[in-house]
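Structure record follows, encoded as structure tokens.
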Amino acid sequence: MGVFDRMDHYDYGELHLKRDVATGMQAIVAIHDTRLGPALGGCRFIHYDSEDDALVDALRLARGMTYKAAISGIPHGGGKSVLIRPKGEFDRAALFRAFGHFLEDLGGHYITAEDSGTSVEDMELIRSVTKHVTGVKPENGGSGDPSPWTARGVRRGIQALAQHVLDRSDVEGLHVAVQGIGHVGYQLCRELHVLGCKLTVADVDPLKAERAQREFGAEVVDLEAIFRVESDVFAPCALGSALNDRTIPQLQCKIVAGAANNQLAFPHNGDDLYQRGIVYAPDYAVNGGGLINVAAEVTGYDEAAVAERVDRIHDTVLEIAERAKAAHSPTNRIADTMAQERLRKATEAN
Ligand code: NAD
43 MGVFDRMDHY
53 DYGELHLKRD
63 VATGMQAIVA
73 IHDTRLGPAL
83 GGCRFIHYDS
93 EDDALVDALR
103 LARGMTYKAA
113 ISGIPHGGGK
123 SVLIRPKGEF
133 DRAALFRAFG
143 HFLEDLGGHY
153 ITAEDSGTSV
163 EDMELIRSVT
173 KHVTGVKPEN
183 GGSGDPSPWT
193 ARGVRRGIQA
203 LAQHVLDRSD
213 VEGLHVAVQG
223 IGHVGYQLCR
233 ELHVLGCKLT
243 VADVDPLKAE
253 RAQREFGAEV
263 VDLEAIFRVE
273 SDVFAPCALG
283 SALNDRTIPQ
293 LQCKIVAGAA
303 NNQLAFPHNG
313 DDLYQRGIVY
323 APDYAVNGGG
333 LINVAAEVTG
343 YDEAAVAERV
353 DRIHDTVLEI
363 AERAKAAHSP
373 TNRIADTMAQ
383 ERLRKATEAN
């Protein structure tokens, strides 16, 4: 497929490519939509088997950011960048500075952030040449680790669906099965434990699962058993595509709400959950806490304002669930409609 065919397929947009001869940098900046504001999204620095894989990754991820920003109510569009990790030796500092110059040339149309393979130190290198970067050190206006904010948003989403599905005003005694006890999964367990939830966990790294057992009294199960746990909530906090043709028939929960991106392997898996009577908190609606946090760096970081906005994830998830119930429709389709409504309103206002 040609580049413009790809852009057409992903409903684009702008695509910027840069090769820097001196450093060997090969960078892709995909800007999906800027109707709500400058595009914001992370920079990936990983190996790709082909340039096409890198391009598709950037296009797919940037489109997801448009929807996440729109549903999270932040004044940003969707963007993502990919720096193709060189195969041989390379000068990391020179590479990230070259990337910073590229962003400067784009004039703030795209603002970058940390993502797979990049660190706060890389963001600081970018910051040395452009201001169009977030995820820098807190002393330089950075917002710090986004994971606790992501976890807080997921917890608010779980509370919303506990109210909607179980008619519960609190979550005490609720049984939550958490898949993946990494940065977000651990924080989510901590929040839910404080509120009196019963936890069952699984992680490929046994030390991470055992930590949750030790600190929060969680029961540890193996990687396949986590899908079959009889629980109120299943919280996917590991990798994408946890909800697929194989796993959905195994689920024994009433609610799915977790941090992982791209939880549905295919859109029809949202229909499958709906048909099984399981209410799904759409991933990009419930896991926007980290994005809300990082977006606050652009205007001047205000922790209280971030907390208030992250807590609004409760109302967003509740609205999605209520509209889905009224429309007899899966929640993922309603979330897409709501994000598109917000984008359309922005177009009409301009
Ligand atoms: P992480 O790498 O710290 O944690 C992921 C955990 O999942 C690890 O402990 C890993 O061992 C475990 N894992 C991997 N495969 C597994 C499997 N098959 N079964 C059980 N456990 C498995 O990542 P994170 O920052 O906690 O993010 C978790 C998910 O949430 C990712 O999909 C990420 O893209 C998404 N997300 C994270 C943030 C954030 O603020 N960090 C924001 C939005 C979305």
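Sequential numbering from 43 applies to the sequence shown in this note's numbering. In this text, a Cβ means the ideal position worked out from N, Cα and C, and glycines have one as well. Bear in mind that the values here come from a model prediction, so they are computed numbers and not experimental data.
Q. Contact between the segment 183-195 and the segment 218-234: three or more CB pairs below 8 Å?
A. yes
Q. By the 10 Å Cβ neighbour count, where 16 or more other Cβ atoms means buried, how is G2 classified, buried or exposed?
A. Since the first residue of the chain shown is 43 and the last is 392, residue 2 is not available in this structure.
Q: Please report how far the alpha carbon of L285 lies from the alpha carbon of K173, in whole angstroms.
A: 38 Å
Q | Distance, L306 Cα to S371 Cα | A | 16 Å
Q: Return the first residue and the last residue of the beta strand (DSSP E) that Q229 is part of.
A: Premise fails: Q229 lies in the alpha helix (DSSP H), 225-236, not in any beta strand (DSSP E).
(Q) In the DSSP output, which residue or residues are listed as bridge partners for D75? (A) G120
Q.
Using 8 Å as the cut-off, can you tell me whether the segment 65-85 makes contact with the segment 102-112, which would need three or more C-beta pairs spanning the two stretches below that distance?
A. yes
Q: Compute the beta-carbon to beta-carbon distance between A135 and D62, rounded to the nearest angstrom, for a pair I have assumed lies under 8 Å.
A: Not confirmed; about 13 Å, so no contact.
**Q.** the ligand NAD heavy atom lying under 7 Å from the CB of P188
**A.** yes
Q) Is the distance from the Cβ of G282 to the Cβ of R375 below 8 Å? A) no
Q: With DSSP collapsed to three states, give me the class of A219.
A: strand
(Q) On the CB-based measure, 16 or more other CB atoms within 10 Å of its CB, does M67 come out buried or exposed? (A) buried
(Q) Tell me which residue opens and which closes the alpha helix (DSSP H) that L360 is part of. (A) 355-369
Q: Let me know if N329 comes out buried or exposed under the rule of 16 or more other beta-carbons within 10 Å of its beta-carbon.
A: buried
Q: Give the DSSP-derived three-state secondary structure of I320 in the structure shown.
A: coil
Q) In terms of DSSP beta bridges, what is Q294 paired with? A) E272
(Q) Are the CB atoms of R351 and I334 within a distance shorter than 8 Å? (A) yes
Q: Report yes if the CB atom of L203 is closer than 8 Å to the CB atom of A323, and no otherwise.
A: yes
Q) With a CB to CB cut of under 7 Å and the five nearest residues on each side skipped, what residues in its chain are close to A338? A) S185, D344, A347, V348
Q: Flag L265 as yes when its Cβ comes closer than 7 Å to any non-hydrogen atom of the ligand NAD, and as no otherwise.
A: yes
Q | P180 classed as buried or exposed, judged by whether at least 16 other C-beta atoms fall within 10 angstroms | A | exposed
(Q) Relative to the C-alpha of E56, which candidate in A100, H356, C239 has its C-alpha closest? (A) A100
Q: Alpha carbon to alpha carbon, how far is G119 from T108? Give it in angstroms, no decimals.
A: 5 Å
Q: Please list, in chain order, all residues of the same chain as P128 whose beta carbon is under 6 Å from its beta carbon, the five residues on each side excluded.
A: G66
**Q.** Beta carbon proximity, D164 to chain B, threshold 8 Å
**A.** Of the protein chains in the structure, only one exists, and it is not chain B.
Q: Inspect the beta-carbon positions of A251 and V262 and report whether they are closer than 8 Å.
A: yes
(Q) I'd like the ranges of any alpha helix (DSSP H) spanning at least 4 consecutive residues and lying wholly in the segment 86-167. (A) 93-114, 134-147
Q.
For the beta strand (DSSP E) containing T242, name the first residue and the last one.
A. 240-244
Q: Note down the Cα distance separating I223 from S161, rounded to an integer number of angstroms.
A: 20 Å
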